[in-house]
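Notes follow once the structure below has been shown.
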Amino acid sequence: MTIAPDFTDATKADPKVRVQVAALCHRKGPKGREVLLVTSSRGRWILPKGWPIEGKTDGEAALQEAWEEAGVRDGRVTDKPIAKFRGVKRFDDGKEVPASVRVYGVKVRGLSGKFPEGDRRERRWVSITKAAKMLADKGFRQALKAV
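Structure representation (structure tokens):
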């Protein structure tokens with residue numbers, strides 16, 4: 250993903266841009282702040298993310314993605330995005346669309362052992378330093394600065 254240094258509402262400027270919401274799940278670990286990463290369908294480490302959900306705020310949709318993809322059953326989400334960036338959404342069929350990603354912070358208080366995508370995703374708590382090395386997308390790495 251590429252960063253848009255002067256991010257505004259990209260979808261107003263270009264209607265082909267799709268909005269995605271992401272959850273930067275974090276907690277205080279034994280050695281400091283940790284973030285929760287999950288694997289994508291292609292095996293890359295990412296933050297839980299998805300599309301906005303009708304009837305939910307973007308923050309609520311990000312929390313829903315955190316549940317489905319990472320098993321976050323108890324978390325407190327920020328009202329506003331903690332980071333925003335422009336990137337490209339790549340689908341499994343090879344199709345690509347421009348995306349405007351809004352990252353919401355989620356303070357995790359509890360995880361579930363069973364969750365909707367638990368059979369096809371790996372999840373891992375890591376330090377912010379380790380997450381910066383594991384995340385392939387530059388936009389996600391930049392978002393780490395917000396926690």
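Numbering (our numbering), first residue to last: 250 to 396. Every residue gets a Cβ at the ideal spot worked out from N, C-alpha and C, and that includes glycine.
Practice task
Give the secondary structure of residue 312 by DSSP, where H, G and I count as helix, E and B as strand, and everything else as coil.
Solution key: By one-based count along the sequence shown, residue 312 stands at place 63. Correct three-state label for residue 312: helix.
Handout entry: Span separating the alpha-carbon of residue 330 from that of residue 299
Key = Within the sequence shown, the letter at position 81 stands for residue 330. Within the sequence shown, the letter at position 50 stands for residue 299. Per the coordinates, the alpha-carbon of residue 330 lies some 14 Å from the alpha-carbon of residue 299.
Practice task
Could you tell me the distance, in whole angstroms, from the CA atom of residue 336 to the CA atom of residue 293?
Solution key: Locating residue 336 in the sequence shown gives position 87, counting from the first residue. Locating residue 293 in the sequence shown gives position 44, counting from the first residue. Rounded to whole angstroms, residue 336 and residue 293 show a C-alpha spacing of 16 Å.
Handout entry: Residue(s) in a DSSP beta bridge with residue 347
Key = The residue labelled residue 347 in the question sits at position 98 within the sequence shown. Beta-bridge pairing links residue 347 to 337.
Handout entry: Three CB pairs or more closer than 8 Å across the region 300-312 and the region 263-275
Key = Result yes; three or more Cβ-Cβ pairs closer than 8 Å.
Practice task
Quick one: using the 10 Å Cβ neighbour count with 16 as the cut-off for buried, is residue 385 buried or exposed?
Solution key: Counted from its first residue, the sequence shown places residue 385 at position 136. Label assigned to residue 385: exposed.
Handout entry: Candidates 365, 394, 383, 282, of which the one nearest residue 295 by Cα
Key = Here residue 295 is taken as the residue at index 46 of the sequence shown, counted from 1. Considering only alpha carbons, the answer is 383.
Exercise for the section: Could you tell me whether the region 313-320 touches the region 365-382, using the rule of 3 or more Cβ pairs below 8 Å? Expected result: Short answer: they touch.
Handout entry: Simplified DSSP assignment, three categories, for residue 317
Key = Counting from 1 along the sequence shown, the entry for residue 317 is found at position 68. Looking at residue 317 - three-state DSSP - the assignment turns out to be helix.
Practice task
Figure out for me which residue from 308, 373, 341, 392 has the closest Cα to the Cα of residue 327.
Solution key: The count along the sequence shown starts at 1 and reaches residue 327 at position 78. The residue with the shortest Cα to Cα distance from residue 327 is 308.
Exercise for the section: Sort 388, 381, 325, 284 by Cα distance to residue 351 and report the nearest one. Expected result: On the sequence shown, residue 351 is found 102 positions in, with the first residue counted as 1. When 388, 381, 325, 284 are compared, the shortest CA-CA separation from residue 351 is found for 388.
Problem - 8 Å contact criterion, which residue 374 and residue 312 should meet: CB distance rounded - result: Residue 374 sits at position 125 when you count from the first residue of the sequence shown. Residue 312 sits at position 63 when you count from the first residue of the sequence shown. In this structure residue 374 is not in contact with residue 312, their Cβ atoms being roughly 18 Å apart against a cut-off of 8 Å.
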